[in-house]
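*Asks:* My structure is below; once you've seen it, I'll send some questions.
Number of protein chains: 2
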Amino acid sequence: MPSPESPESSGRLAEQLLLLTRRLHHAQKHAFRPLGLTPAQSRLLRTVGAHAQRGSAPRMADLARQLEVVPRAVTSLVDALEERGAVRRAQDPANRRVVLIELTDDGRALLGKLRRARQSAAEGILEPLGAEQREELGGLLSALLEQGEGGC
Amino acid sequence: MPSPESPESSGRLAEQLLLLTRRLHHAQKHAFRPLGLTPAQSRLLRTVGAHAQRGSAPRMADLARQLEVVPRAVTSLVDALEERGAVRRAQDPANRRVVLIELTDDGRALLGKLRRARQSAAEGILEPLGAEQREELGGLLSALLEQGEGGC
DNA sequence: TATTGTTATACTCTATAACTATA
DNA sequence: TATAGTTATAGAGTATAACAATA
């Protein structure tokens with residue numbers, strides 16, 4: 001029988017989450033360096049790739065919402081990826097204020113390499129868990145992420 | 001019946017972890033601002049507090065190891081906390097290279113306020129989980145953190 | 001010569017605020 | 001007037017490298 005919500009536990013969970021993510025970020029940083037990508041750039045590129053797979057090109061504002069960052073942060077990341085040739089900015093003919101982010105062929109190739117690097121970085125962190133435990137963890141994280149999707 | 005380790009799942013778990021921690025960091029930043037503390041400073045202060053509770057004062061190197069950051073990073077955080085009057089540097093008489101970090105009375109009082117702020121920030125994130133699920137999550141995170149404690 | 005912590009420096013990530021151009 | 005994205009700026013967090021003091 002589970003005890004009632006202990007307010008003390010939440011602080012410890014938060015600490016664990018932060019430390020684990022620090023390690024993950026560190027692993028990604030090193031795994032992505034050979035590709036010339038920072039973790040945040042990789043995250044953006046993956047998001048653009050997901051849109052491209054559905055045959056669409058996201059707007060800057062779409063990316064900001066999905067990544068849960070301010071639009072200004074997207075500008076810098078797209079700047080870096082565009083300079084690297086992985087994405088390109090295009091104007092939406094229907095609304096000339098809107099900037100659409102398109103994946104280039106180079107970007108598509110980069111995504112393939114990135115996928116492997118991402119997995120090896122994540123695997124180094126998640127290695128202690130078996131398939132069943134990973135599913136459990138995924139479920140708990142999904143439950144936590146579902147709330148507050150509307151932003152603050 | 002659980003399927004075997006799926007390499008694809010690890011990438012998704014990593015993404016979830018990073019997004020959740022981004023929210024947590026954001027919540028902490030706002031919860032700690034009234035106390036004049038940043039999340040990293042709070043984390044350091046809590047670590048010093050834990051040592052103090054055991055009647056000991058950590059060295060800079062101890063803090064770097066526990067926080068899993070480079071010693072140089074600790075210097076900046078201690079600088080900030082010392083300026084704020086929450087901790088003070090003391091020399092180890094047994095080894096004059098060593099700097100011991102002591103909690104001041106102000107620091108102790110600050111830790112009390114910090115504890116409440118930390119809990120409210122964490123609670124805002126963890127609210128969807130019941131006690132049983134939190135225990136489950138804590139167990140999984142502990143399993144993940146146990147490995148690689150030796151640093152890289 | 002090895003260890004402890006520091007000064008100096010730089011980069012990543014993200015934020016706020018003010019501005020431009022569209023609508 | 002409201003929206004989309006940008007320029008300008010700043011601050012948090014952390015890293016590497018060179019160095020001083022001590023052992």
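Going down the list, the protein sequences come from chains A and B.
According to full-length UniProt numbering, the residues represented by the first sequence are 1 to 152, in order.
According to full-length UniProt numbering, the residues represented by the second sequence are 1 to 152, in order.
The beta carbon of each residue, even a glycine, is placed where N, CA and C say it ideally should be.
Values in this document were obtained by computation on a predicted structure and should not be read as measured data.
1) In whole angstroms, give me the CA-to-CA distance for residue 48 of chain A and residue 28 of chain A.
2) Rounding to the nearest angstrom, what Cα-Cα distance links residue 3 of chain B and residue 137 of chain A in this structure?
3) Kindly indicate the opening and closing residues of the alpha helix (DSSP H) around residue 192 of chain B.
4) Beta-carbon of residue 4 of chain B versus every beta-carbon of chain A: anything under 8 Å?
5) The ligand FAD heavy atoms versus the CB of residue 72 of chain A: any closer than 7 Å?
6) Please confirm whether residue 84 of chain A and residue 36 of chain A have their CB atoms less than 8 Å apart.
7) In the DSSP assignment, find the unbroken alpha helix (DSSP H) run with residue 66 of chain A in it and report its ends.
8) Identify which residue in A:86, A:93, A:68, A:106 has its Cα closest to the Cα of residue 18 of chain B.
9) Where does residue 51 of chain A land, buried or exposed, given buried means 16+ other C-beta within 10 angstroms?
10) Is residue 70 of chain A closer than 8 Å to residue 64 of chain A when the C-beta atoms are compared?
11) Mapping the DSSP letters down to three states, classify residue 102 of chain A as helix, strand or coil.
12) Is the separation between the beta-carbon of residue 20 of chain A and that of residue 144 of chain B shorter than 8 Å?
13) Tell me the DSSP secondary structure of residue 90 of chain A in three-state form.
14) Note down the Cα distance separating residue 92 of chain B from residue 11 of chain B, rounded to an integer number of angstroms.
15) Which residues in chain A sit within 8 Å of residue 122 of chain B, going by Cβ to Cβ distance?
16) So, does the CB of residue 128 of chain B fall closer than 8 Å to a CB anywhere in chain A?
17) Taking the beta carbon of residue 107 of chain B as the centre, do at least 16 other beta carbons fall within 10 Å, making it buried, or is it exposed?
18) Can you tell me the Cβ-Cβ gap for residue 57 of chain A and residue 102 of chain A, rounded? I've got them flagged as a contact below 8 Å.
19) Thinking C-beta only, is residue 134 of chain A closer than 8 Å to residue 9 of chain B?
20) From residue 42 of chain B to residue 113 of chain A, what distance separates their C-alpha atoms?
21) Considering only C-alpha positions, which residue in the set A:119, A:75, A:117, A:120 is nearest to residue 98 of chain A?
22) Taking only beta-carbon atoms, is residue 24 of chain A less than 8 Å away from chain B?
23) Compare the Cα-Cα distances from residue 26 of chain A to each of A:122, A:96, A:90 and report the closest residue.
*Replies:* Checking against the coordinates, here is how it stands:
1) In the first sequence, counting from the first residue as 1, residue 48 of chain A sits at position 48. In the first sequence, counting from the first residue as 1, residue 28 of chain A sits at position 28. Their backbone Cα atoms lie some 19 Å apart in a straight line.
2) One-based indexing of the second sequence puts residue 3 of chain B at position 3. One-based indexing of the first sequence puts residue 137 of chain A at position 137. At residue 3 of chain B the pLDDT is 41, less than 50, meaning the model places this residue with poor confidence and gives no usable figure here.
3) Lying outside 1 to 152, the shown extent of chain B, residue 192 of chain B is not represented and no answer is given.
4) By 1-based counting over the second sequence, the position of residue 4 of chain B is 4. With a pLDDT of 44 at residue 4 of chain B, under the threshold of 50, the modelled position of this residue cannot be trusted; read the value that follows with caution. Closer than 8 Å to some Cβ of chain A, the Cβ of residue 4 of chain B qualifies, so yes.
5) No copy of the ligand FAD occurs in the structure displayed, which carries no ligand at all.
6) Residue 84 of chain A sits at position 84 when you count from the first residue of the first sequence. Residue 36 of chain A sits at position 36 when you count from the first residue of the first sequence. Contact flag set, yes.
7) Taking the first sequence and counting its residues from 1, the one referred to as residue 66 of chain A is at position 66. 60-67 is the extent of the alpha helix (DSSP H) around residue 66 of chain A.
8) Residue 18 of chain B sits at position 18 when you count from the first residue of the second sequence. Put simply, of A:86, A:93, A:68, A:106 the residue whose alpha carbon is nearest the alpha carbon of residue 18 of chain B is A:68.
9) For this step, residue 51 of chain A is matched to residue 51 along the first sequence. With 16 or more Cβ atoms within 10 Å of its Cβ, residue 51 of chain A is classed as buried.
10) Taking the first residue of the first sequence as 1, we reach residue 64 of chain A at position 64. Taking the first residue of the first sequence as 1, we reach residue 70 of chain A at position 70. For residue 64 of chain A and residue 70 of chain A, yes; Cβs fall inside 8 Å.
11) Taking the first residue of the first sequence as position 1, residue 102 of chain A is located at position 102. In this structure, residue 102 of chain A counts as strand in the three-state DSSP scheme.
12) To locate residue 20 of chain A, count along the first sequence from 1; it is residue 20. To locate residue 144 of chain B, count along the second sequence from 1; it is residue 144. Result yes, Cβ atoms of residue 20 of chain A and residue 144 of chain B sit closer than 8 Å.
13) Along the first sequence, one-based indexing puts residue 90 of chain A at 90. It is a strand residue.
14) Taking the second sequence and counting its residues from 1, one reaches residue 92 of chain B at position 92. Taking the second sequence and counting its residues from 1, one reaches residue 11 of chain B at position 11. Approximately 46 Å between the Cα atoms of the pair.
15) Taking the second sequence and counting its residues from 1, one reaches residue 122 of chain B at position 122. Here the neighbours are 10, 11, 13, 14.
16) Translated into positions along the second sequence, residue 128 of chain B becomes position 128. Taking Cβ atoms only, chain A reaches closer than 8 Å to residue 128 of chain B, which makes this a yes.
17) Along the second sequence, one-based indexing puts residue 107 of chain B at 107. The residue is buried, with at least 16 neighbouring Cβ atoms inside 10 Å.
18) The residue labelled residue 57 of chain A in the question sits at position 57 within the first sequence. The residue labelled residue 102 of chain A in the question sits at position 102 within the first sequence. The pair is a contact, with the Cβ atoms about 5 Å apart (cut-off 8 Å).
19) Within the second sequence, residue 9 of chain B is the residue found at index 9, counting from 1. Within the first sequence, residue 134 of chain A is the residue found at index 134, counting from 1. Their beta carbons are under 8 Å apart, which means residue 9 of chain B touches residue 134 of chain A by this criterion.
20) Residue 42 of chain B sits at position 42 when you count from the first residue of the second sequence. Residue 113 of chain A sits at position 113 when you count from the first residue of the first sequence. Rounded to whole angstroms, residue 42 of chain B to residue 113 of chain A spans 38 Å at the Cα level.
21) Start at 1 with the first residue of the first sequence, and residue 98 of chain A comes out as number 98. Closest by alpha carbon: A:75.
22) Your numbering for residue 24 of chain A matches position 24 in the first sequence. Yes, contact with chain B.
23) Residue numbering aside, residue 26 of chain A sits at position 26 when the first sequence is read from its first letter. With distances taken between Cα atoms, residue 26 of chain A lies closest to A:122.
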